[in-house]
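One structure is given here, and the rest of the page talks about it.
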Amino acid sequence: MASAPNQKPDDMASGVDEVDSTNASIQGPLTSALTSLPNDEPGLPDHVVQFYETDDFLVEQLAKFASEGLQAGEACVIIATESLRERVEKRLENEKFDLRQAQQQGTYITCDAETMLPLFMVDGTPDPERFNRIIGTVISRAARGSRLPASPVRHVRAYGEVASLLWATGNQEAALRLEELWNELAAGATCPPFTLLCSYPMSGFAGVAHAAAFRMVCENHAQVFPGESYSTLADSDERLRTITMLQQKASSLETEIAQREEVEERLRVSDHQYRRLFESSTDGILVVDADTHTIMAANPVAAHLLGWMREELVGQDLWFVGLFPDLAVAEEVWRELEECGVARLDTLALPIGSSSQMRYVDFVSNRFRPNGHYVVQCHLRDVTERTQVEQAQRELEARKDAFISMASHELRTPITSLKAFTQILQRRAKRQSGEADLQLQQVLGRMDAQLDRLTHLVTDLLDLSKMQVGSLAFRDTCFDVDALVHETVETMQAVTTTHTLSAEGSTSAHISGDRDRLGQVLINLLSNASKYSPDANRIIVRLRTTTTQTDDGDQQWAEISVQDFGIGIAPEHQHRVFERFYQVGASEGGSTYPGLGIGLHIARTIVERHGGRLWMESHPGDGSTFYIRLPVANSDDSLTNDDGL
Amino acid sequence: MSSELKTIHIVDDEPDIGLAISMVLEDAGYDVVVLERGADLMRRLQTHALPDLILLDMLLGGQDGRQIVRTLKSDPKTQAIPVVIISAHPMAAHEAVASGADGFMSKPFELDAVLNTVAAHLKSSRPPA
Chain A
24 MASAPNQKPD
34 DMASGVDEVD
44 STNASIQGPL
54 TSALTSLPND
64 EPGLPDHVVQ
74 FYETDDFLVE
84 QLAKFASEGL
94 QAGEACVIIA
104 TESLRERVEK
114 RLENEKFDLR
124 QAQQQGTYIT
134 CDAETMLPLF
144 MVDGTPDPER
154 FNRIIGTVIS
164 RAARGSRLPA
174 SPVRHVRAYG
184 EVASLLWATG
194 NQEAALRLEE
204 LWNELAAGAT
214 CPPFTLLCSY
224 PMSGFAGVAH
234 AAAFRMVCEN
244 HAQVFPGESY
254 STLADSDERL
264 RTITMLQQKA
274 SSLETEIAQR
284 EEVEERLRVS
294 DHQYRRLFES
304 STDGILVVDA
314 DTHTIMAANP
324 VAAHLLGWMR
334 EELVGQDLWF
344 VGLFPDLAVA
354 EEVWRELEEC
364 GVARLDTLAL
374 PIGSSSQMRY
384 VDFVSNRFRP
394 NGHYVVQCHL
404 RDVTERTQVE
414 QAQRELEARK
424 DAFISMASHE
434 LRTPITSLKA
444 FTQILQRRAK
454 RQSGEADLQL
464 QQVLGRMDAQ
474 LDRLTHLVTD
484 LLDLSKMQVG
494 SLAFRDTCFD
504 VDALVHETVE
514 TMQAVTTTHT
524 LSAEGSTSAH
534 ISGDRDRLGQ
544 VLINLLSNAS
554 KYSPDANRII
564 VRLRTTTTQT
574 DDGDQQWAEI
584 SVQDFGIGIA
594 PEHQHRVFER
604 FYQVGASEGG
614 STYPGLGIGL
624 HIARTIVERH
634 GGRLWMESHP
644 GDGSTFYIRL
654 PVANSDDSLT
664 NDDGL
Chain B
-9 MSSELKTIHI
1 VDDEPDIGLA
11 ISMVLEDAGY
21 DVVVLERGAD
31 LMRRLQTHAL
41 PDLILLDMLL
51 GGQDGRQIVR
61 TLKSDPKTQA
71 IPVVIISAHP
81 MAAHEAVASG
91 ADGFMSKPFE
101 LDAVLNTVAA
111 HLKSSRPPA
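Sequence lines, in order, name chains A and B. What the first sequence shows, in this note's numbering, is residues 24 to 668, in sequence order. What the second sequence shows, in this note's numbering, is residues -9 to 119, in sequence order.
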């Protein structure tokens, strides 16, 4: 070991006869500082502290402290734990000190720190009077020497581990108080002069929280010696470098601590916010261990929805708290979570208490791994009100549907009677002859036509109502488009005297759909063509096929167009004629053509239901053309071929 | 009326419709019996000579005409009688045929269409055993 730079060689060998002085190689900053100063001069560092990083270093320093004192003819008092005492004494004996003799002379006194501490502690604080009496006695005895009453009073070197012990147990206040008591004892007149060495492990001050207390420990001592990583440096340049590096390290640490504190503060705020969200969420939230399904956390709403006390719910197995209707559902949810990370169940029914009433919740869960272990976060949303509204809505719609069916029957029945009677009268009138009867026939013919009109209106209104409740029925078959068009044109021609209807072209295509409904669409377009071209006398129906490209390949379409040569539709009305209740002319307050304004709306709905399109082109004054485009059925469509039925 | 007159039973809970159809069919030379309920028809079939054709309303005051058709068509005694269902539901044709009816007419109907339908089914029906 290198010698301390400021050590005076003479001091090392001064006047101790009874101990061997061959251990002059034991040196260090503490011992050199102590030995470099005459002990009886005022202003001595009579209370020093040695910080240490390893016990070995403490043993070394303490052994030097004692050996130098003994060599100088001073007395030694060591108040330490048994293990430290044993190690120091072994070290001293290795250096040929005759400790037994020193003990007999009363110049070497050891005390067990752990035994001594309780002797002067009262309610966790060192009692000044007891401390002065006990420690004062020990110091005085060492100063006088018990076996040699005539000897001069010796200077005492004392080592005390009691404050360090208090610090280690967390009683920092008592440790600081004890340091003060040591100082007071040294300053008092009753006790012989002594130099006190205290020691603290550096590890006892790790952490910013200890900064203030550490400063106080330092202030309580006349001289402070750093731990071995600095104390053992012999070269002054090396020490300067080390201090500089320590300063840099301290500065970095301060910055890092500030940054960490900022991050921690943000985390605290964030944690607080999430905690508040969790606690005050109107959804029930559960955090569940993915492996054991154990509920790790539950917010108040989750507990309320499941009908549990919150404290009881935590720790339960989620599969058995009444959320899932049965175990198979729970297993299925967990399987889905493992495969997809997400699982949801809609409208789970939960009983409310012991009543027969039910509460409904939507269940959404996510599986994730926040800290290396999978957890499942579950959200429960109370949808009772919505479910009840939906149920009521379904019931209402079912009633509406039933009403529409009934209304259809009830409205048609009197029309049927009226129409039948009108036709009977027509037949009977025909059998008569004469001008008056001819007029009667005409009137009856008008009545019959008006009843037909009434029938169509009733049909349209009922279809519209059914569309609104989604109960308009379709019966899909695969049929020949050309045949349907020709058949419809013929039927309409039979009842149309004002216009000539012609069909041109062909599709030679079959389509899949409801033949009657699509026939209804064609009738609507032909009726409109006739209605809106009062001054024209022809209507042309054209048939053709066309192909468009889609992602799945080419799509063939059957296109049917109905062209009239009538008044046409102004551009501003063209995109609106398919709206429900929309009538051209009505918005301007002008005269309108008869009708409810629902025919084209129904027609477009039917065409779109078949995956097709219905649109128009028109030039006011030249007439309009309506186009229907329907997807041609694939040859492998296996629907019933319903041609001609 | 001669004994060769074809007999037609009309079952409709709306008396005016029964009356109107019967007037035109009688004018056309058929022997017509108008009944208001399904039970009336079943009773008459047990106690009287079988008709050549039945015109049956689909909804008979809560009773389902299709069920009557199924009963008639499952009984060897009555299964050969042509049954034409008439209904105020124009889209009910397929359901009517599915129940075993031989024909369907939607209400309201043209009387000419009634006469044509009746004639067509009488012509195609098998002669009574």
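Even for Gly, the Cβ is constructed at its ideal location relative to N, Cα and C.
Residue(s) in a DSSP beta bridge with residue i
{"i": "residue 248/A", "result": "73/A"}
{"i": "residue 225/A", "result": "None, per the DSSP bridge assignment."}
{"i": "residue 195/A", "result": "For residue 195/A, which the question treats as bridged, DSSP gives no partner whatsoever."}
{"i": "residue 649/A", "result": "585/A, 639/A"}
{"i": "residue 388/A", "result": "366/A, 401/A"}
{"i": "residue 58/B", "result": "Answer is none; residue 58/B lacks a bridge partner."}
{"i": "residue 455/A", "result": "In the DSSP output, where bridge partners are listed per residue, residue 455/A has none listed."}
Contact with chain A by residue i, beta-carbon distance below 9 Å
{"i": "residue 108/B", "result": "no"}
{"i": "residue 54/B", "result": "no"}
{"i": "residue 30/B", "result": "no"}
{"i": "residue 14/B", "result": "yes"}
{"i": "residue 86/B", "result": "no"}
{"i": "residue 10/B", "result": "yes"}
{"i": "residue 92/B", "result": "no"}
{"i": "residue 7/B", "result": "yes"}
{"i": "residue 26/B", "result": "no"}
Cutoff 9 Å: residue i Cβ touching any chain B Cβ
{"i": "residue 520/A", "result": "no"}
{"i": "residue 435/A", "result": "yes"}
{"i": "residue 514/A", "result": "no"}
{"i": "residue 596/A", "result": "no"}
{"i": "residue 476/A", "result": "no"}
{"i": "residue 546/A", "result": "no"}
{"i": "residue 579/A", "result": "no"}
{"i": "residue 446/A", "result": "yes"}
{"i": "residue 715/A", "result": "In the structure displayed, chain A extends from 24 to 668; residue 715/A sits before or after that span and is not available."}
Secondary structure of residue i, DSSP reduced to three states
{"i": "residue 594/A", "result": "helix"}
{"i": "residue 53/B", "result": "strand"}
{"i": "residue 190/A", "result": "helix"}
{"i": "residue 446/A", "result": "helix"}
{"i": "residue 633/A", "result": "coil"}
{"i": "residue 48/B", "result": "coil"}
{"i": "residue 96/B", "result": "strand"}
{"i": "residue 534/A", "result": "strand"}
{"i": "residue 8/B", "result": "helix"}
{"i": "residue 581/A", "result": "strand"}
{"i": "residue 89/B", "result": "coil"}
{"i": "residue 76/B", "result": "strand"}
{"i": "residue 20/B", "result": "coil"}
{"i": "residue 71/B", "result": "coil"}
{"i": "residue 640/A", "result": "strand"}
{"i": "residue 39/A", "result": "Only weak support exists for where residue 39/A lies, its pLDDT of 31 falling under 50; the value from the coordinates is given anyway. The answer is coil: DSSP assigns residue 39/A none of H, G, I, E or B."}
{"i": "residue 178/A", "result": "coil"}
{"i": "residue 621/A", "result": "coil"}
{"i": "residue -1/B", "result": "strand"}
Residue i at chain C interface by Cβ criterion, 9 Å
{"i": "residue 442/A", "result": "Going by chain labels, chain C is absent from the structure shown, which instead holds the protein chains A and B."}
Sub-9 Å separation of residue i and residue j beta-carbons
{"i": "residue 652/A", "j": "residue 552/A", "result": "no"}
{"i": "residue 101/A", "j": "residue 81/A", "result": "no"}
{"i": "residue 402/A", "j": "residue 294/A", "result": "no"}
{"i": "residue 133/A", "j": "residue 95/A", "result": "no"}
{"i": "residue 150/A", "j": "residue 144/A", "result": "yes"}
{"i": "residue 390/A", "j": "residue 397/A", "result": "yes"}
{"i": "residue 214/A", "j": "residue 162/A", "result": "yes"}
{"i": "residue 388/A", "j": "residue 360/A", "result": "yes"}
{"i": "residue 47/B", "j": "residue 75/B", "result": "yes"}
{"i": "residue 217/A", "j": "residue 178/A", "result": "yes"}
{"i": "residue 180/A", "j": "residue 88/A", "result": "yes"}
{"i": "residue 449/A", "j": "residue 471/A", "result": "yes"}
{"i": "residue 221/A", "j": "residue 186/A", "result": "yes"}
Item to complete: Ignoring anything shorter than 3 residues or poking outside the stretch 90 to 174 of chain A, list the beta strand (DSSP E) runs there in chain order.
Response: 98 to 103, 131 to 135
Worksheet entry | Minimum length 3: unbroken beta strand (DSSP E) runs contained in the stretch 259 to 326 of chain A | 307 to 312, 318 to 321
Fill in: Residue ranges of each alpha helix (DSSP H) within the stretch 459 to 531 of chain A, 4 or longer
504 to 518
Practice prompt. Within the stretch 337 to 383 of chain A, note down every full beta strand (DSSP E) run reaching 3 residues or more, in order along the chain.
Written response: 365 to 374
Discussion item. Threshold first: 3 residues or longer. Then list the beta strand (DSSP E) segments lying entirely within the stretch 390 to 438 of chain A, N to C.
Written reply: 398 to 405
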